[in-house]
Each structure stands twice: as structure tokens, then as C-alpha cells.
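Numbering of the sequence shown is given in our numbering, commencing with residue 6 and proceeding in unit increments. Report on the following structure.
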Amino acid sequence: MQSFGKIFKPVYSPRRTTQKSAHVRNFVPRATTFNVGQLQAMSSPVPIAEPTRDARFDDALATHGPALERLARAWEADPDLRLDLLQEIHIALWRSLEAFDGRCSLRTWVYRVAHNIASSHVSRQMRLKAHEFVGLEEMPEIPDRAANQTAAVHHDQLDLLYAMIHQLKPLDRQVMLAYLEGLDAASTAEITGLSARNVATKIHRIKQLLAQRCNPALKGGPQ
């Protein structure tokens, strides 16, 4: 009887092994070819998704929300109408962000939309109330209520500042608010449509008014 080793001993074929080795030695990998479009697609960076309008709106409110509230207060003295104005600004801003293309900063865009809406709001109020506003050049003729307030508190000074802003014509109001919010002359010109030289002249007058009428602590703008 044969042993298990002899029964299951593998049989090798030198000829088949030699043929297989020759095939492996002679194998040439097939080159993979790509057309120009495929190569460009492979080399192009993965595009970054643009933020949605809602995302931009949330970002704008998170960054500039307090400034918009100050702006609404400066444009509208009546608390109820002020809330309506702020809501108008928010709605207009959300709608406008569909067309935002990044050619200006988001901050400039937000202020431009807000000032346009606020200016339209004041124009409506002027027609309804027949209220007469003044320009920066006419402001010295208005009685200075702070002249006899040698120990005015910050809150009273802030109220005085807003009262002074409420008396200004829309365009002068835009320039003054932009200055108080820290915007430079170039950004202010872009928002208002005025020339940089005209903006600089108005800012010079604004500085004079603030020096005459307001506490130095308020010259950085309302908070």
C-alpha cells in the first residue's frame, strides 16, 4: 500500500512552468490614455461651494446687526416705526444678497442697502409729516440744547447726538452715520454716491459739530 505522501504528491510540469514564466517576462502593461478634457478635469482643483443667501444673511446680521440697530435708531425716532424700519432693512438685505458678487465688501453692501431703505423711509415720513430737515451747513442755526448742560450724563449726550442726527437731511445723515460707524471716506463715497472730496468736506463739518455739541466720549459714535 502506498503512503499518503506518495498518493498526494503534486506533479509539476516543467514545460508549463517555463511557458508561464515566458509569458510573464514578455508582458507589457497597456498604457491608459486620456483625452484633454479628462486631463483638465483631473488637474483642476475641486470647486469650493459658494455660501448660500441664507448663510450670507446670517453672517451679515451676526457681524453688523448692532450697527443696523443703531442706524435704525438714527434714522427713526419713533420706537414703533423704528422696528418697522429695521424689519424693512432686514428683508431688503436678505433679498439683495442674491445678487451679491463680492466686488465690494459685505460690510459696504450691508450699509448701502440699509441706507437706501432708511433714506426711502425718511422720504415717506417727510411727505406724511411735512417735516423740514436741515443740512450740515445749517446746523449752527439750531439752538444748542447742550450749552447749559455742564454736567450732562452719557445717556443725555447720546440722546442729544441722535436728536441732532434726526434733524439732518437724508444724504448728510448717511455721511454722518457712516463716519460714526468708522467707515472710511472711500467706503462712504461708495455707499452714498458722493465724490470722495465731497465726503471729506462733510466729514470735516461733522467733526466740528461733534466738537461743539457732544461730549468727547461720544465722538467715536453711538453705541
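Beta carbons: idealized from backbone N, C-alpha and C, even for Gly.
Query, Result
"Within the same chain, show all residues whose beta-carbon is closer than 6 Å to that of ILE122, passing over the 5 residues directly before and after it, in chain order.", "GLU93, ILE94, ALA97"
"Report buried or exposed for ALA67, applying the criterion of at least 16 other Cβ atoms within 10 angstroms of its Cβ.", "exposed"
"According to the neighbour-count rule (16 or more other Cβ atoms, all chains shown, within 10 Å of its Cβ), is HIS209 buried or exposed?", "exposed"
"Given this structure, state the Cα-to-Cα distance separating ALA216 from TRP99, to the nearest angstrom.", "37 Å"
"So SER101 is in the alpha helix (DSSP H); what residue range does that whole segment cover?", "84-101"
"At the level of alpha carbons, what is the spacing between SER101 and CYS109?", "13 Å"
"Which residues in the same chain as LEU199 place their Cβ atom closer than 8 Å to its Cβ, once the five residues preceding and following it in sequence are excluded?", "LEU176, VAL180, THR193, LYS207"
"Quick one: Cα of HIS171 to Cα of ALA82, how far?", "7 Å"
"Less than 9 Å between the C-beta atoms of LEU185 and ARG218, yes or no?", "no"
"Tell me whether LEU188 sits in a helix, a strand or coil according to DSSP, three-state version.", "coil"
"Can the beta-carbon of LEU86 be found closer than 9 Å to that of GLN130?", "yes"
"I believe ALA191 touches ALA205 by the beta-carbon criterion, under 8 Å. Please report the beta-carbon distance rounded to the nearest angstrom.", "Not really, about 10 Å apart at Cβ, beyond 8 Å."
"How many whole angstroms separate the CB atoms of ARG76 and LEU214, which I take to be in contact at a CB cut-off of 8 Å?", "Checking the displayed sequence, the identity of residue 76 turns out to be Leu instead of Arg. Going by Cβ atoms, the distance from LEU76 to LEU214 rounds to 19 Å, so no, they are not a contact pair."
"Apart from the five residues just before and just after ARG112, which ones in its own chain have a Cβ nearer than 7 Å to its Cβ?", "HIS69"
"Just tell me which of GLY187, GLN162, GLU142, LEU188 has its CA closest to the CA of LEU173.", "GLU142"
"Determine the direct distance from the alpha carbon of PRO71 to that of SER125, and round the result to whole angstroms.", "21 Å"
"Where does THR197 land, buried or exposed, given buried means 16+ other C-beta within 10 angstroms?", "buried"
"Can you look up PHE105 in the DSSP assignment and give me helix, strand or coil?", "coil"
"Taking 9 Å as the threshold (C-beta atoms), are GLU195 and ARG117 in contact?", "yes"
"Determine the direct distance from the alpha carbon of GLU103 to that of ILE211, and round the result to whole angstroms.", "35 Å"
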